[in-house]
């Protein structure tokens, strides 16, 4: 399983970075996906119409921590 993410406008394969982690538990991309692919998504929004309440996932890739919307993650079996 290859897990790709659009980071700063560029699609990258997260599996290519052996130190890449995803989510609050800081798991490898494949483990994160196999263990329910958890994202931050509040059931009740404290305030609507704010960037801070959008769904996101934390990705540590090539030494930098990113916070992206999960729609920018794609999977392939290649």
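In the numbering used here, the protein residues as written are 219 to 296.
Backbone N, C-alpha and C define an ideal beta-carbon position, used for all residues, glycine too.
Small disclaimer: the values here were computed from a predicted structure and weren't measured.
Within its chain, find whatever has a CB closer than 8 Å to the CB of residue i; leave out the 5 residues flanking it on each side and keep chain order.
i, result
"residue 296", "220"
"residue 265", "271"
Residue i and residue j: beta carbons closer than 8 Å?
i, j, result
"residue 287", "residue 267", "no"
"residue 232", "residue 247", "yes"
"residue 223", "residue 291", "yes"
Under 7 Å Cβ to Cβ from residue i, same chain only, skipping five residues before and after it: list those, please.
i, result
"residue 250", "240 and 241"
Ordered list of alpha helix (DSSP H) runs contained in the region 232-292, each at least 4 residues: 247-252
Any 3 or more C-beta pairs closer than 8 Å across the region 231-241 and the region 274-283: yes
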